[in-house]
Amino acid sequence: MTEALTLDQVGLHVLHNALANIAAEMALVMMKTSYSTIFNEGLDFSTVLLDRSGQLIAEKNYTPSMMGAIPNTVRWTLLEFGEAFFEPGDVVVHNDPYRGNCHIPEHMLMKPIFRDDELLGFAGAIGHLAEVGGKAPGSFAADATDVYQEGLRLPPVKLMEGGAYREDVWRIVLANHRTPRNTWGDFHAMIGALNVGERRLLALGERYDLHQVISGAQALIEYSERRLRAEISELPPGRYTAETMVEDDGVGRDPFPVRVAVVIRERDVIIDFTGSSPQVRGPMNCTYVVAASAAYNAVFCVTDPQMHIPRNSGCYRPVRIIAPAGSVVNVKHPGPSVGGNTDLQPKLIDLLLAAFAQAVPDRAAASSGGSSSNLLFGGVHPDTGRYYTNYHFDGMGAGGSALADGNDAEITRHSNCRNTPIEVFEHRYPLLSLNYAMVPDSGGAGRRRGGLSTTRTLRVTAPEITFSALFDRCRIAPSGLFGGHDGLGSQLQMRRAGELDFQPFDRAAGVASPTKFTNVVLRHGDEVRYRTPAGAGFGDPALREAELVAQDVREGYVSATAARRDYGHAS
Amino acid sequence: MTPGWRVLNRPWHDTNVSHCDVCGRLLPDRAWVFAADGRSLDSCGPDCQELYETYVGPLRELGELHAHH
Chain H
2 MTEALTLDQV GLHVLHNALA NIAAEMALVM MKTSYSTIFN EGLDFSTVLL
52 DRSGQLIAEK NYTPSMMGAI PNTVRWTLLE FGEAFFEPGD VVVHNDPYRG
102 NCHIPEHMLM KPIFRDDELL GFAGAIGHLA EVGGKAPGSF AADATDVYQE
152 GLRLPPVKLM EGGAYREDVW RIVLANHRTP RNTWGDFHAM IGALNVGERR
202 LLALGERYDL HQVISGAQAL IEYSERRLRA EISELPPGRY TAETMVEDDG
252 VGRDPFPVRV AVVIRERDVI IDFTGSSPQV RGPMNCTYVV AASAAYNAVF
302 CVTDPQMHIP RNSGCYRPVR IIAPAGSVVN VKHPGPSVGG NTDLQPKLID
352 LLLAAFAQAV PDRAAASSGG SSSNLLFGGV HPDTGRYYTN YHFDGMGAGG
402 SALADGNDAE ITRHSNCRNT PIEVFEHRYP LLSLNYAMVP DSGGAGRRRG
452 GLSTTRTLRV TAPEITFSAL FDRCRIAPSG LFGGHDGLGS QLQMRRAGEL
502 DFQPFDRAAG VASPTKFTNV VLRHGDEVRY RTPAGAGFGD PALREAELVA
552 QDVREGYVSA TAARRDYGHA S
Chain R
62 MTPGWRVLNR PWHDTNVSHC DVCGRLLPDR AWVFAADGRS LDSCGPDCQE
112 LYETYVGPLR ELGELHAHH
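Next up, the structure:
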């Protein structure tokens, strides 16, 4: 006996919560059962439910950087292969950056949900696998010049077929990843999440009439679209432009421009990246869906920062994106793109908010640190004799806004990930954290101060590890807004065991770039010290309330010297 | 020419992909083809033709779009 589900405002609210809770439970399964710290500590994944045509109906979006991929990977796979490609019990995997994914490490697993022979929709799990092969352990080759150096590329193929392993596909995948045990565990965590999503959606269809659930999901999509269009119609119409420079592509040393025009119309907004640099040789290009994620992120920040509107495909419809193919915001084969997702995307969001600031200054923010400060390392663990790799990031500062100071030690506004606790980090990997702290005076001064960056020093405790990095905002600092000061840029250095001074990696290890390099061999006792970039300030520092400056000095966020210099504050 | 759909018949072993000439999105299975500025454009669908006619085309006429697009 099914319960009635009336599709009025109350009924839709109940349905939205039910669908969102399914996605949240899927996420818990992934967190609790995965092997890699990037999933169970970092939460670098999202879980979703989609309808039969691939439209998003509910999400647990830990990582906003995946927003652009989620509505496209499944839909484009459906369009390319057709519905008949999917059979009950199948799980399809897909990490192809040219077919709708964010970059090579991001893997979308999708499972069709059938009742009898009727395809109802899809459960999806998208996440950053910590190691997928390629030229550098950790699969983050900062000096890659094509996609083949970045790891194993999978167009949509079946991992499971009719509920059974496609062993040939698993064998290829596991043979090409450096840590196959982790891949095995993480893929099974994702598949477990999909199975839970399937079971819960079918159970919802037992409790209520299934076709009412499907109709209700469609009504929710239309509701979200109406709500977002209404928010856009409140913005001042016009064309607002902004431009930024990215310091290098990881291969050359030249900066390149990214440009955007935000066009606010009566019922939609156009995000136009025309005029941005042609795609670059190194991995700082991003894919179309990454540019789309940045666009959605900025539009949602400006129109619905409290997330009152249910996040589904309806929210995406009023946002029109132009990202010319072959440019740095829409890489074409065989261009590399691993850093575009982590380090160009946050700058695109900053750029978009700078454009929106001309229309709605009270809703924008100054530049964030704008880099995920990616560190990769691997080797044979001396305690276990097993090969390990890790993809690690630490928090940076967010930009100040009209409403608040920027967040401190935040792992980028587009990734929203957690840091890995030192206890877990040191248990899993042969690196000792000698210090880990926020950096006083790093946040750009302003009426609303930029968030502080972080610093850490690591000492190698294994005979040898292979170390790679992709840092940015070292030479071009995060920029202040409306008179706010720039944030402090990033720094990355090393010191060989027994040496006195830390030096940049290009000098100490002979790599081309001080912040983007692969496969530097570090030995027992060597140390790495880094500082992530800080957030920039918003508004004239002279307008900051004296009691807030005093509090900053008291709590160690700002030194007495900087308080006098930047704020004219006598402490 | 009359705007209409063109199916992209790629053999399974062809790994190339196509993009929309207006917005840059992937064209997974077919293209909406229309004429503009004396050339034929492959696009995602009528929505992208409308985007071209109401935004891209007029800006191009004003010379505000950069050359590489």
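Quick note, the sequences are listed as chains H and R, same order.
Counted from 1, the first sequence has number 127 at position 126 by this note's numbering; the numbering is strictly sequential.
Counted from 1, the second sequence has number 106 at position 45 by this note's numbering; the numbering is strictly sequential.
Note that beta-carbon positions come from the ideal geometry of N, C-alpha and C, so glycine has one too.
Here the structure is a predicted model, which means the values were calculated and not measured.
Contact check for V75(H) against G125(H) passes: the beta carbons are separated by less than 9 Å. Annotation for E223(H): G315 place their beta carbon closer than 7 Å to its own, counting only its chain and skipping 5 residues before and after.
Contact of N331(H) with chain R by beta-carbon distance below 7 Å involves G85. One thing to note: V550(H) has its Cβ no nearer than 9 Å to the Cβ of Q494(H).
Excluding residues up to 5 positions away in sequence, T304, D305, I310 lie with their Cβ nearer than 8 Å to the Cβ of E232(H) in the same chain. Listed as beta-bridge partners of M67(H) by DSSP are no residues whatsoever. With a threshold of 9 Å between beta carbons, T78(H) makes contact with chain R. Only L87, P89, D90 from the segment 87–107 of chain R bring a Cβ to less than 7 Å from some Cβ of chain H.
Rounded to whole angstroms, the separation of the alpha carbons of P284(H) and P335(H) is 11 Å. Residues of chain H with a Cβ closer than 7 Å to the Cβ of V68(R) do not exist, since the nearest Cβ in that chain sits about 11 Å away. Within chain R, the residues placing a beta-carbon under 8 Å from that of Y99(H) are V78, L87, ordered along the chain. Under the three-state reduction of DSSP, M109(H) is assigned to strand. Taking 4 residues as the minimum length, the alpha helix (DSSP H) runs contained wholly in the segment 192–276 of chain H are 211–234, in order along the chain. For a Cβ distance threshold of 9 Å, nothing in chain H lies close to L123(R): the least Cβ distance comes to about 11 Å. In this model, I412(H) and R419(H) are separated by some 7 Å (Cα to Cα). Secondary structure note for I173(H): its alpha helix (DSSP H) is the uninterrupted segment 168–177.
It is roughly 14 Å from the alpha-carbon of L211(H) to the alpha-carbon of G12(H). In this structure, A463(H) lies near H525(H), with their beta-carbon atoms less than 9 Å apart. In the three-state DSSP reduction, R496(H) falls in the strand class (E or B). The beta carbon of Y36(H) sits closer than 6 Å to the beta carbons of N183, G186, D187 from its chain, once the five residues preceding and following it are set aside; these are given in chain order.
At least 9 Å separates the beta-carbon of G198(H) from that of I71(H). For the pair A204(H) and P89(H), the Cα-to-Cα distance works out to about 17 Å.
In this structure, the straight-line span from the alpha carbon of Y388(H) to that of N520(H) is close to 15 Å. In the three-state scheme derived from DSSP, where H, G and I count as helix and E and B as strand, P138(H) is classed as coil. Considering only beta carbons, the part of the segment 255–270 of chain H lying closer than 9 Å to chain R consists of R260, A262, V264, R266, in chain order. Taking R86(R) as reference, the option from D269(H), D147(H), D273(H) with the minimal CA-CA separation is D273(H). Residue burial is scored here from C-beta neighbours: W77(H) has at least 16 other C-beta atoms within 10 angstroms and is therefore classed as buried. Within its own chain, the residues whose Cβ lies closer than 8 Å to the Cβ of G557(H), once the five positions on either side in sequence are excluded, are P441, listed in chain order. For the segment 315–329 of chain H, residues whose beta-carbon sits nearer than 9 Å to a beta-carbon of chain R comprise R321, I322, I323, A324, P325, A326, G327, S328.
The beta carbon of Y63(H) sits no closer than 9 Å to any beta carbon of chain R.
Annotated as distal: S443(H) and F472(H), with beta-carbon spacing of 9 Å or more.
For F123(H), the enclosing beta strand (DSSP E) stretches over residues 119–129.
Where N391(H) is concerned, the enclosing beta strand (DSSP E) starts and stops at 388–393. Restricting attention to V291(H), V300(H), P431(H), the CA atom closest to the CA of C103(H) is found in V291(H). By the criterion of at least three beta-carbon pairs nearer than 8 Å, the segment 418–437 of chain H is not in contact with the segment 398–409 of chain H. Out of N70(R), C84(R), M62(R), P64(R), the CA that lies nearest to the CA of V117(R) is found in C84(R).
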